[in-house]
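Inspection log for the structure reproduced underneath, given as structure tokens.
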Amino acid sequence: MGIQTARGWTARLISLMVVAGVVWPGNAARAQQGVAGDNPVVSSPNKTPPPDDEGLKQAPKVRVTTTLVNAPVTVLDSSGNYIFDLQEGDFSVLDNGEPQRIQSFGLEQQPLAAVIVVETNETVGQLLGEVHPLGSIFSSLLLGPSGEAAVVTYGNGVQDALDFTSDSDELETTLRELKPFGHSAHLNDALAQALSLLEKRPKGERRVIVAFSDGMDLGSQTSKEDVVRRATNDEVTIYGLGFKPARELWEQQPKAPPPDPLDTNIARPLPPNTAPTPSASGQVYQTPIPIVPIILASGEMIRSAMTKTLLEFYAGYTGGVYYSRWSKKNLQDDLNRIASEIHSQYELAYVPDTLNQLGFHRIQIQVRRPGVRVRTRAGYFNQGPNQ
Numbered sequence: 018m019g020i021q022t023a024r025g026w027t028a029r030l031i032s033l034m035v036v037a038g039v040v041w042p043g044n045a046a047r048a049q050q051g052v053a054g055d056n057p058v059v060s061s062p063n064k065t066p067p068p069d070d071e072g073l074k075q076a077p078k079v080r081v082t083t084t085l086v087n088a089p090v091t092v093l094d095s096s097g098n099y100i101f102d103l104q105e106g107d108f109s110v111l112d113n114g115e116p117q118r119i120q121s122f123g124l125e126q127q128p129l130a131a132v133i134v135v136e137t138n139e140t141v142g143q144l145l146g147e148v149h150p151l152g153s154i155f156s157s158l159l160l161g162p163s164g165e166a167a168v169v170t171y172g173n174g175v176q177d178a179l180d181f182t183s184d185s186d187e188l189e190t191t192l193r194e195l196k197p198f199g200h201s202a203h204l205n206d207a208l209a210q211a212l213s214l215l216e217k218r219p220k221g222e223r224r225v226i227v228a229f230s231d232g233m234d235l236g237s238q239t240s241k242e243d244v245v246r247r248a249t250n251d252e253v254t255i256y257g258l259g260f261k262p263a264r265e266l267w268e269q270q271p272k273a274p275p276p277d278p279l280d281t282n283i284a285r286p287l288p289p290n291t292a293p294t295p296s297a298s299g300q301v302y303q304t305p306i307p308i309v310p311i312i313l314a315s316g317e318m319i320r321s322a323m324t325k326t327l328l329e330f331y332a333g334y335t336g337g338v339y340y341s342r343w344s345k346k347n348l349q350d351d352l353n354r355i356a357s358e359i360h361s362q363y364e365l366a367y368v369p370d371t372l373n374q375l376g377f378h379r380i381q382i383q384v385r386r387p388g389v390r391v392r393t394r395a396g397y398f399n400q401g402p403n404q
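Count along the sequence shown from 1, then add 17; that gives the number in this note's numbering.
Shown next, in the form of structure tokens:
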């Protein structure tokens, strides 16, 4: 009876210790330190549980994008002289007819990135001698101390004759060694290649193309619409210096304005049995090029559909100018004018509040001074946030 009674009391004592939460030293160490394969026991009833990291990781991210539109502006008086004394308050900007707030303004020039495009087929081969000595003018007057230029040539195809460089000797040598080849005139393809080169340049540079050409296209795979859309969206200004053995070709007036500039694109004609109506371009290519007023080198304002050559059309649409000359002296003088214009432009920039409107956005710059002529690029194409 004594042994059984002792065993009974021992069993009751062990049960009470377990109920009271008392553990043996070995189990206590195990509870505090954990054992491989076991989950650690943590006792912190008065602490707030940590936040749910997974919930934080899944929180939506908000990305804000700002579209800054740059518009180099040339302002001339009635005699064709550049005007330099205008202030920001003298300008107003319209985007699709809506007034915009100017974000930046100045006459300070950005570093220049220029692509020189030269037609080198047999048709204009005898006139390449006019281009050969122009390297020094490009280096000293156009590029300045921080600018760079590349050279693209075209005839039957397109070639990169010189990558971007600030070396004046290298540029002069490249232009002097140009030789005629082929009979086609892939102007659009050459401009597309020039745009591709400029698209790789650092942001913040002023981008221009100076093209020596008869202004026509024959055999390109690139359409007129592609050139205009890329040039306007890349904020590239195209300048043209024309040469052609047959001067009378330049003096021929079009019999009637074409219904839409894109419908006359010989590089990308409309499909067979498609009438060249004002809506044909939009139906086939989705993004028609609107007809806009442009200012010619003479100061005359015409509709873009009335231009005589593709190069004149591109120059007017992008805010540049096209000169058609046939003597060496005039070619050099006109290149001097282009250099002077680029370094005399006002730089305006704004963030449009009209981006809910898709398609072509017309840019209009107005100056509060009577008797002046204002030239800038016609606009840009807005295809939405995924363009």
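Think of the CB as a built atom: it goes at the ideal place given N, C-alpha and C, for glycine as much as any other residue.
Q) Could you give the distance in angstroms between the alpha-carbon of Ile-226 and the alpha-carbon of Gly-396? A) 17 Å
Q) What number of angstroms, rounded off, separates the C-alpha of Asp-350 from the C-alpha of Gly-401? A) 42 Å
(Q) Once DSSP output is grouped into helix, strand and coil, what is the label at Gly-123? (A) strand
**Q.** Reduced DSSP category for Glu-187 - H, G, I as helix; E, B as strand; rest coil
**A.** helix
Q. Per DSSP, Asn-87 is paired with what?
A. Ala-366
Q: Go ahead and label Lys-241 buried or exposed: buried means 16 or more other beta carbons lie within 10 angstroms of its beta carbon, across all protein chains shown.
A: buried
Q.
Less than 9 Å between the beta carbons of Gly-236 and Leu-328, yes or no?
A. no
Q) Measuring CB to CB, does Leu-124 end up less than 9 Å from Gln-362? A) yes
Q) Is His-149 helix, strand or coil by DSSP? A) helix
Q) Do three or more CB pairs link the segment 106-125 to the segment 376-395 at distances below 8 Å? A) yes
Q | Spatial distance of Asp-184 from Leu-159 (CA atoms) | A | 13 Å
**Q.** Val-168 vs Ala-228 beta-carbon contact at 9 Å
**A.** no
Q | Cross-strand partners of Asp-112 (DSSP beta bridge) | A | Glu-115, Ile-380
(Q) For Arg-394, tell me which candidate among Ser-357, Ser-321, Arg-385, Gly-164 has the shortest Cα-Cα distance. (A) Ser-321
Q | Which listed residue (Leu-145, Phe-198, Gln-210, Glu-147) has its alpha carbon closest to that of Asp-177 | A | Gln-210
Q: Express the C-alpha separation of Gln-120 and Phe-108 in angstroms, rounding to a whole number.
A: 12 Å
Q.
Going by C-alpha to C-alpha distance, which of Gly-199, Gly-146, Pro-305, Ile-359 sits closest to Ile-255?
A. Ile-359
Q: Would you kindly work out how many angstroms separate the C-alpha atoms of Tyr-334 and Glu-194, rounded to a whole number?
A: 32 Å
Q.
Please list the terminal residues of the continuous alpha helix (DSSP H) segment that includes Asn-399.
A. That residue, Asn-399, is in no alpha helix (DSSP H); its beta strand (DSSP E) goes 396-399.
Q. Under a three-way DSSP split, which group does Arg-218 fall into?
A. coil
(Q) Let me check one thing: in DSSP terms, what residues is Glu-136 bridge-paired to? (A) Tyr-171
Q) What are the boundary residues of the beta strand (DSSP E) that includes Tyr-99? A) Per DSSP, Tyr-99 belongs to no beta strand (DSSP E) and is neither H nor E.
Q) Between which two residues does the beta strand (DSSP E) carrying Val-225 extend? A) 223-230
**Q.** Bridge-paired residues (DSSP) for Glu-165
**A.** Ala-130
Q: Take the Cβ of Tyr-340 as the centre, count every other Cβ of all protein chains shown within 10 Å, and call the residue buried at 16 or more, exposed below.
A: buried
Q.
Between which residues of its own chain and Thr-170 is the CB-CB distance below 8 Å, once the five residues before and five after are set aside?
A. Val-134, Val-135, Glu-136, Thr-137, Gln-176, Ala-178, Leu-195, Ala-207
Q. Does DSSP put Thr-249 in a helix, a strand or coil?
A. helix
Q. Expressed to the nearest angstrom, what Euclidean distance is found between the alpha-carbon atoms of Arg-392 and Phe-330?
A. 14 Å
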